[in-house]
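Taken in order, these protein sequences are the chains called A and B.
Sequential numbering from 43 applies to the first sequence in my numbering.
Sequential numbering from 20 applies to the second sequence in my numbering.
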Amino acid sequence: MHDLEPYRDMMAKCSHCGLCQATCPVYLEDFLQTHLARARMDLIRAVLLEGEIPVTKRFREVLDRCLLCTNCSRTCPAGVPVDEIIAAARNQVYQGKRRDPVRRQLLRRFMNQRGMKGLMGMAGSVAHKMGWTPEELPAPASKPFEKRFKGRIPAKGKARARVAYFVGCATNTLYPDTGKAVINVLAHNDIEVLIPEGQVCCGMPALAEGDLPLVQEMMRKNVPVLAGCDVDAVVTDCTSCGMMFKAKAAKTLPEDDPLRPQAEALAEKVWEVTDYLNQIGLTAEPPPLPESYTYHIPCHRGWTPTVDDAPRNLLGKIPEAELIELENPDKCCGAGGTFFMDFKELAADIRTGKLADIRQTGAKTVLTQCPACRSFLRTQFEDGQVTHPIVLLAKAYGI
Amino acid sequence: MKGLARDLGRLVAKERVRTDPEDLFAYGGDATYYVKRGKPDAVVLPENTSEVSEVMKYAFHNAIPVTPRGAGSGLSGGCTPLHGGIVLDMKRMGRILEINRRNMSARVEAGVVLADFHKAVKKQGLFYPPNPQSMNVCTLGGNVATRACGPHGVKYGATGDYVMGLEVVLPDGSVIAPGGLAARSSAGYDLTHLFAGSEGTLGVITKANLRLLALPPAHRTAVVACESIEQAGDTVSEILAGGTLPAMIEFIPQMAIVAMNNYITPPLITEGQAYLLIALDGTQDEIQAQADEILGICRRMGVLDIRVIEDEKEAETYWTARSNLGGMLLTMMKKAINEDVAVPRDRIPEFVREIQNMASTLSKVVLGIAGHAGDGNMHPSIFFPEVNSEAEKEAQETVKKVVRLGLSLGGTVSGEHGIGFHKAEFLHWELGEVQIRLLKRIKKAFDPKGIMNPGKLWKDGR
Ligand SMILES: Cc1cc2nc3c(=O)[nH]c(=O)nc-3n(C[C@H](O)[C@H](O)[C@H](O)COP(=O)(O)OP(=O)(O)OC[C@H]3O[C@@H](n4cnc5c(N)ncnc54)[C@H](O)[C@@H]3O)c2cc1C
Ligand code: SF4
Ligand code: SF4
């Protein structure tokens with residue numbers, strides 16, 4: 043993703059079949075071919091590789107008005123990695139300068155500095171200074187996760203596995219209780235948990251910003267820290283962080299970068315937490331929990347084949363808990379990382395469709411493994427709660 | 020075209036008139052983009068019939084070409100704006116207006132996506148059979164305009180068989196509604212079915228009345244691995260001659276099975292030279308009887324393997340893999356040209372044998388065959404391992420040979436994709452000059468100024 047050129051052949055694989063029309067959430071709102079993967083790629087080629095058309099405001103809009111949700115890539119029978127191509131194009135166009143210097147600096151600090159004093163207020167103030175409406179962002183927790191939990195969490199019984207927990211920014215600052223549920227449920231199931239020190243943001247927001255140098259900076263911090271742990275797996279509760287480490291990390295680095303082999307080795311070990319638990323199995327039988335819930339599958343799921351079914355299977359083991367399926371569980375919610383802040387109306391329109399589906403189920407609990415979906419849905423879902431599947435499992439255990 | 024955006028912006032909300040170079044670039048063509056690309060002067064996204072009518076009046080008055088467009092999934096360049104002008108993107112006219120159980124009919128706008136329509140009628144226990152493999156995106160308007168067909172063709176026929184009536188905006192902006200909702204009509208020339216297959220050259224289809232069937236209660240899928248392509252062709256003929264009519268019989272070559280295996284568990288054996296993917300529908304008893312009959316024939320033919328898939332969800336994975344076939348093959352090849360020459364059913368084995376012979380003489384490109392075998396709609400396709408002028412030359416020669424072969428067997432140059440610009444040359448071969456002259460006069464009667472989708476169907480396209 044550090045360069046567009048290597049994607050030239052992949053772009054040529056696009057047969058223009060148009061099948062991506064069926065799943066691109068932006069296209070399905072705009073109904074404009076220009077915002078469809080095939081046209082986006084044609085334009086990227088014409089503008090950035092061939093120089094036939096100049097870079098214009100409209101071209102930048104075509105690049106920006108994409109959720110990087112990977113729906114198109116997963117639909118595409120030719121397997122064209124459209125999201126990576128768009129990220130690479132953004133990097134080439136913006137070279138890290140998509141926002142004005144003040145906003146850029148704020149974003150950098152927010153993403154790159156963990157555990158600094160006053161971070162809690164930071165999310166709100168960044169949003170405020172960037173002109174994003176604060177009500178679209180949940181209030182940060184009074185104490186971030188990493189101030190509450192550190193080091194090694196022993197398994198309850200004899201440890202049958204040892205995992206490192208990568209704590210995403212959102213879990214750290216907005217949803218520390220999810221982090222707590224993650225470590226408790228793992229430990230409760232005889233898995234030892236390490237919370238490696240020195241981790242920073244996974245880099246996904248920076249990638250969306252077209253700021254590859256910043257992504258690489260984060261890789262240089264995160265990869266050694268995580269790859270250096272003597273563990274069976276690296277788990278995260280966030281599907282975007284998971285996708286970043288599993289499918290993108292190595293590609294953000296130049297071919298000959300010495301960190302690349304380490305990033306590739308790390309990718310082998312990365313799991314979303316419910317997917318990991320489902321695969322390794324529970325040792326503690328969950329007690330009954332008479333609650334009904336529905337499940338929204340986050341867009342960033344294509345990096346592993348089992349992550350979408352994992353919560354279904356795992357929570358299916360809780361007696362009396364009932365899953366009411368959405369009509370289209372994998373339909374996008376519109377959040378797209380920070381997309382919802384830049385394209386407010388469009389994102390809200392996409393969300394309206396999702397919420398209508400959710401309300402139709404009658405469920406008061408919506409589960410999803412993406413914190414962006416979670417906070418974005420929650421602001422307009424007064425009827426109940428939106429949370430991570432692991433939280434429901436922790437509730438069943440009473441931990 | 021100066022002032023075009025301003026003028027159109029008075030007829031249709033400004034944000035639904037697009038003239039930025041990036042937008043014009045995006046509307047250059049369909050899945051044949053690599054052959055030819057056009058460039059419109061404006062893209063208009065109408066939301067109702069009166070907007071279409073206003074735009075047509077304006078275009079007629081100023082003699083501006085207009086190209087209707089559905090999903091742009093066409094395989095013949097039908098929606099490619101060869102002479103610029105206005106592209107009318109019909110996707111925003113996407114409402115299902117009525118599903119009438121008692122009349123077994125539906126009224127829809129032209130931009131409705133086929134798969135959405137399938138779902139909506141299924142919810143009411145009804146069935147709309149046409150299922151081109153682009154069904155997740157293609158529009159009903161585009162289907163009518165190309166007389167699209169799909170695997171269901173063998174048992175249920177093509178889109179044209181389900182059109183009861185239409186609403187059409189003529190080039191001068193007037194609105195007509197040929198046909199209706201009655202099951203039969205003998206009221207004069209059948210204009211409804213003249214628009215079916217008109218590829219946007221006579222007018223803009225804004226609404227359609229479609230015939231529905233009752234949803235068959237049960238389905239079953241089977242895959243047959245055949246020793247040779249000939250054996251597969253012969254098996255299809257035997258099944259049909261025996262009086263069994265499967266809902267679908269798809270012919271899949273070995274190369275494609277390798278790609279499809281990524282979607283299928285457990286993977287199919289790859290030793291077969293050709294495969295038949297068969298769907299049965301009806302009551303449980305009917306299905307059982309059909310299955311027994313087909314199994315008997317396959318055993319007699321000495322096929323390599325038969326797999327029957329009882330579970331409908333599992334069967335779905337086979338059909339999804341089938342509809343993704345074209346694109347999947349492109350993961351192995353650099354480029355593909357999809358033809359849709361169709362032959363009479365009884366000539367399938369002969370056609371397949373000749374194609375095989377032809378394929379063995381090629382060195383720069385690969386000639387494969389896959390398609391809706393049940394109705395002789397065989398889709399010979401040419402794949403490029405490398406794209407260069409020699410390969411292009413060999414491909415063009417091969418296309419011509421395939422078309423001549425199909426015609427010599429009593430077939431047609433296009434079983435379902437339509438002519439567009441891509442097959443314009445071949446239409447002359449099939450119809451001859453007298454028929455082409457007649458078509459041109461019909462066109463003139465509807466479109467005296469020649470503004471509707473110029474450049475299509477026949478060589479000069481006017
Ligand atoms: C992967 C793939 C698989 C396919 N499989 C099949 C298949 O199995 N069977 C099959 O028949 N086809 C198939 N096709 C071809 C294509 O999908 C069909 O031709 C389809 O009917 C085109 O619909 P569309 O909405 O995309 O129309 P477009 O491609 O946008 O347009 C097609 C033609 O119809 C005209 N048109 C569109 N809308 C209107 C309107 N409202 N009024 C007047 N004219 C209009 C256009 O001007 C153009 O000439 C496939 C294509 C792909 C990419
Ligand atoms: S990544 Fe998502 S929003 Fe972007 S083009 Fe693909 S499907 Fe559309
Ligand atoms: S689905 Fe893939 S091959 Fe087809 S148009 Fe979209 S990006 Fe291109």
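The beta carbon of each residue, even a glycine, is placed where N, CA and C say it ideally should be.
{"query": "Closer than 7 Å: is that where the CB of I224(B) sits relative to any heavy atom of ligand 5?", "result": "Judged by which ligands are present, ligand 5 is missing from the structure shown, whose ligands are ligand 1, ligand 2 and ligand 3."}
{"query": "Just checking, does the stretch 196 to 207 of chain A make contact with the stretch 233 to 249 of chain A on the three C-beta pairs under 8 Å criterion?", "result": "yes"}
{"query": "Take every Cβ of the stretch 54 to 71 of chain A, pair it with every Cβ of the stretch 364 to 377 of chain B, and state whether three or more of those distances are shorter than 8 Å.", "result": "no"}
{"query": "Cutting at 8 Å between CB atoms, please list the residues of its own chain near K159(A), excluding the five before and the five after it.", "result": "With a pLDDT of only 40 at K159(A), under 50, the local geometry of the prediction cannot be trusted, and the value read off the model is given with reservation. Cβ within range, chain order: n/a, list empty."}
{"query": "D466(B) CB to nearest chain A CB: under 8 Å?", "result": "no"}
{"query": "Alpha carbon to alpha carbon, how far is S184(A) from W50(B)? Give it in angstroms, no decimals.", "result": "For clarity, residue 50(B) is Ala in the given sequence; the question names Trp instead. Distance between the alpha carbons of A50(B) and S184(A): 54 Å."}
{"query": "DSSP three-state label for F445(B), please.", "result": "helix"}
{"query": "Enumerate in chain order the residues of its own chain whose CB-to-CB distance from R420(A) is below 8 Å, with the five nearest sequence positions on each side excluded.", "result": "P180, Q427 and V428"}
{"query": "Anything with a beta carbon under 6 Å from a heavy atom of ligand 3 counts; list them all in chain order.", "result": "C56(A), S57(A), H58(A), C59(A), G60(A), L61(A), C62(A), A79(A), R80(A), C114(A), T117(A), C118(A), A120(A), V122(A), V124(A) and G346(B)"}
{"query": "Given that G346(B) touches chain A, what residues does it touch there, using C-beta distances under 8 Å?", "result": "S57, C59, L61, C118, P119 and A120"}
{"query": "Going straight from the alpha carbon of I400(A) to that of I366(A), what length do you get?", "result": "10 Å"}
{"query": "Using a threshold of 8 Å, state whether the C-beta atoms of S115(A) and D125(A) are closer than that.", "result": "yes"}
{"query": "If contacts are defined as beta-carbon pairs under 8 Å, then M53(A) and I128(A) qualify, I think. What distance do you get, rounded to the angstrom?", "result": "About 11 Å separates the two Cβ atoms, so there is no contact after all."}
{"query": "Return no unless some Cβ of chain A is closer than 8 Å to the Cβ of N228(B).", "result": "no"}
{"query": "So what does DSSP say about Q454(B), is it helix, strand or coil?", "result": "helix"}
{"query": "Is any beta-carbon of chain A found at less than 8 Å from that of F270(B)?", "result": "no"}
{"query": "Just the C-alpha distance for I401(B) and N122(B), rounded to the nearest angstrom, thanks.", "result": "44 Å"}
{"query": "Please indicate yes or no: does the CB of R14(B) lie closer than 7 Å to some heavy atom of ligand 1?", "result": "There is simply no residue 14(B) to check, as chain B begins at 20 and stops at 481 in what is shown."}
{"query": "Using a Cβ-Cβ distance under 8 Å, would I128(A) count as near chain B?", "result": "no"}
{"query": "Pick from G261(B), G48(B) and C98(B): whose alpha carbon is nearest that of S217(B)?", "result": "C98(B)"}
{"query": "For my contact list, E409(B) and A177(B) are in at a C-beta cut-off of 8 Å; report their separation, rounded to the angstrom.", "result": "With a Cβ gap of about 37 Å, E409(B) and A177(B) do not count as contacting."}
{"query": "Please tell me whether, using a cut-off of 7 Å, the distance from the CB of V68(A) to the nearest non-hydrogen atom of ligand 2 is below it.", "result": "yes"}
{"query": "Does the beta-carbon distance from V255(B) to L295(B) come in below 8 Å?", "result": "yes"}
{"query": "Mind listing the chain A neighbours of D39(B)? Cutoff is C-beta to C-beta under 7 Å, in chain order.", "result": "R100"}
{"query": "Under a CB-based cut-off of 8 Å, is V104(A) close to chain B?", "result": "yes"}
{"query": "What does a CB cutoff of less than 8 Å around M162(A) pick up in its chain, not counting 5 residues either side in sequence?", "result": "Confidence at M162(A) is low in this model, with a pLDDT of 42, below 50, so its placement is unreliable and the value that follows should be read with caution. The residues are P182, A183, S184, K185, P186 and T215."}
{"query": "Taking all protein chains shown into account, do 16 or more other C-beta atoms lie within 10 angstroms of the C-beta of T225(B), making it buried, or fewer, making it exposed?", "result": "buried"}
{"query": "Give the C-beta separation of V85(B) and L107(B) to the nearest angstrom, bearing in mind that I take them to be a contact with Cβ-Cβ under 8 Å.", "result": "6 Å"}
{"query": "Against A64(A), what residues of chain B qualify as contacts under a CB-to-CB distance less than 8 Å, listed in chain order?", "result": "V132, A134, N155 and V156"}
{"query": "On the premise that F465(B) lies in contact with A389(B), defined as a C-beta separation below 8 Å, what is that separation, rounded to the nearest angstrom?", "result": "So it is not a contact: roughly 36 Å between Cβ atoms."}
{"query": "DSSP three-state call for H391(B): helix, strand or coil?", "result": "strand"}
{"query": "Any C-beta of chain A within less than 7 Å: which residues of the stretch 45 to 68 of chain B qualify?", "result": "A45, Y46, D49, A50, Y52 and L64"}
{"query": "Would you kindly work out how many angstroms separate the C-alpha atoms of F79(B) and V349(A), rounded to a whole number?", "result": "55 Å"}
{"query": "So, does the CB of K159(A) fall closer than 8 Å to a CB anywhere in chain B?", "result": "At K159(A) the pLDDT is 40, less than 50, meaning the model places this residue with poor confidence and gives no usable figure here."}
{"query": "Excluding the 5 residues preceding and the 5 following L1(B) in the sequence, name in chain order all residues of the same chain whose CB lies nearer than 6 Å to its CB.", "result": "Absent from the structure is residue 1(B), since the part of chain B shown begins at 20 and ends at 481."}
{"query": "Can a CB atom of chain B be found closer than 8 Å to the CB of T76(A)?", "result": "yes"}
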